[in-house]
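According to the working numbering, the sequence shown holds residues 241 to 389 in order. Report on the structure given below.
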Amino acid sequence: MANKQLQNTFIQLLKDGHPIEVPAHGMSMFPLLLPGDILLVEPTKPKIGEIGIFISNQILIAHRLCNIDNNFYHFKGDAIIHFDLPIPHNQVLGTVMGRRRKKLTKSSSKGSFNLFSKIIPKTTLISGRLFFYSGRIYTKIFRLLDRQV
241 MANKQLQNTF
251 IQLLKDGHPI
261 EVPAHGMSMF
271 PLLLPGDILL
281 VEPTKPKIGE
291 IGIFISNQIL
301 IAHRLCNIDN
311 NFYHFKGDAI
321 IHFDLPIPHN
331 QVLGTVMGRR
341 RKKLTKSSSK
351 GSFNLFSKII
361 PKTTLISGRL
371 FFYSGRIYTK
381 IFRLLDRQV
């Protein structure tokens, strides 16, 4: 997120216990989350398999929680090959409870969100590569289509 003041406001709202709606950026959670999706975030700690929100370099990141070890949370983007650095529990601020894309809202407890929460933590080494390359292809195709329209 480019606007640092807005970023700090989101962080403070979550720390104060307020739910937020925040836009997604990047392709690290492809195919579930795309740039421009609105993430519906509750200020609760995620469970393994859920998408959590944490602070890294004063930026909010939304990645899937794969493990908790000695008060450190281990996250990984679904379309990222490597795990993030371990995150201390006090930097984990919330859980993605759903996403809105255009006018359609999807709950994280249903459909593909629920399926991914069960499968991805167990298959992350394979799925990470699959989604990484699929996301790159998806991006190239849509850039190509945008130029032709």
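Virtual Cβ for every residue (Gly too), placed ideally from N, Cα, C. Because the structure is a prediction, the values reported are computed rather than measured.
Item checked: Presumed contact (8 Å Cβ cut-off) between residue 290 and residue 348, rounded CB distance -> Residue numbering aside, residue 290 sits at position 50 when the sequence shown is read from its first letter. Residue numbering aside, residue 348 sits at position 108 when the sequence shown is read from its first letter. Yes, residue 290 and residue 348 are in contact; Cβ-Cβ is about 7 Å, under 8 Å.
Check: Exposed or buried, residue 296, counting other C-beta atoms within 10 Å across all chains shown (16 or more means buried)?
Finding: Reading the sequence shown from its first residue, position 56 is the one you call residue 296. Exposed: under 16 other Cβ atoms inside 10 Å.
Item checked: Distance between residue 272 and residue 309 (C-alpha atoms, nearest Å) -> As a first step, residue 309 must be located in the sequence shown, where it is residue number 69. As a first step, residue 272 must be located in the sequence shown, where it is residue number 32. In this structure, the alpha-carbon of residue 309 lies about 26 Å from that of residue 272.
Next item on the list: Return the chain-ordered list of same chain residues with a C-beta closer than 8 Å to the C-beta of residue 288, the five sequence neighbours on each side being excluded.
Entry: Along the sequence shown, read from residue 1 onward, the residue named residue 288 stands at position 48. So the list reads 305, 306, 307, 308 and 361, once near-sequence residues are dropped.
Margin query: DSSP three-state label for residue 321, please.
Written below: Residue numbering aside, residue 321 sits at position 81 when the sequence shown is read from its first letter. Residue 321: coil per DSSP, three-state reduction.
Notebook entry, point to check: If you draw a straight line from the C-alpha of residue 372 to the C-alpha of residue 321, how long is it?
Noted result: Here residue 372 corresponds to residue number 132 of the sequence shown, with the count starting at 1. Here residue 321 corresponds to residue number 81 of the sequence shown, with the count starting at 1. Each residue's CA atom was taken as its position, placing residue 372 and residue 321 some 7 Å apart.
Item checked: residue 358 to residue 335 span [Cα, whole Å] -> For this step, residue 358 is matched to residue 118 along the sequence shown. For this step, residue 335 is matched to residue 95 along the sequence shown. Using only the alpha carbons, I get a separation of about 16 Å.
Notebook entry, point to check: In terms of alpha-carbon separation, which member of 313, 303, 330 and 279 lies closest to residue 342?
Noted result: Here residue 342 refers to the residue found at position 102 of the sequence shown. Cα-wise, what sits closest to residue 342 is 279.
Next item on the list: Would you list the residues sitting across from residue 223 in a DSSP beta bridge?
Entry: Since the first residue of the chain shown is 241 and the last is 389, residue 223 is not available in this structure.
Note to self: Once the 5 residues before and after residue 269 are set aside, which same chain residues still bring their CB inside 6 Å of it?
What the structure shows: Numbered from 1 along the sequence shown, position 29 holds the residue referred to as residue 269. Same-chain partners within the cutoff: 317 and 318.
Next item on the list: Sort 243, 374 and 302 by Cα distance to residue 324 and report the nearest one.
Entry: Position 84 of the sequence shown holds residue 324. The closest CA to that of residue 324, considering only 243, 374 and 302, is found on 302.
Item checked: Residues bridged to residue 312 (per DSSP) -> Residue numbering aside, residue 312 sits at position 72 when the sequence shown is read from its first letter. DSSP output for residue 312 lists 309 and 328 as bridge partner(s).
Note to self: Using C-beta distances below 8 Å, list every residue in its chain close to residue 264, excluding the 5 sequence neighbours before and after it, in chain order.
What the structure shows: The sequence position of residue 264 within the sequence shown is 24, counting from 1. Apart from sequence neighbours up to five positions away, the residues of its chain that approach residue 264 with a beta-carbon distance below 8 Å are 273, 274, 275, 276, 277, 278, 279, 302 and 339, ordered along the chain.
Notebook entry, point to check: For residue 270, does the three-state DSSP call read helix, strand or coil?
Noted result: Numbered from its first residue, the sequence shown carries residue 270 at position 30. In the structure shown, residue 270 adopts coil according to DSSP, grouped into three states.
Margin query: Are the CB atoms of residue 315 and residue 294 within a distance shorter than 8 Å?
Written below: Here residue 294 refers to the residue found at position 54 of the sequence shown. Here residue 315 refers to the residue found at position 75 of the sequence shown. Yes, they are a contact pair.
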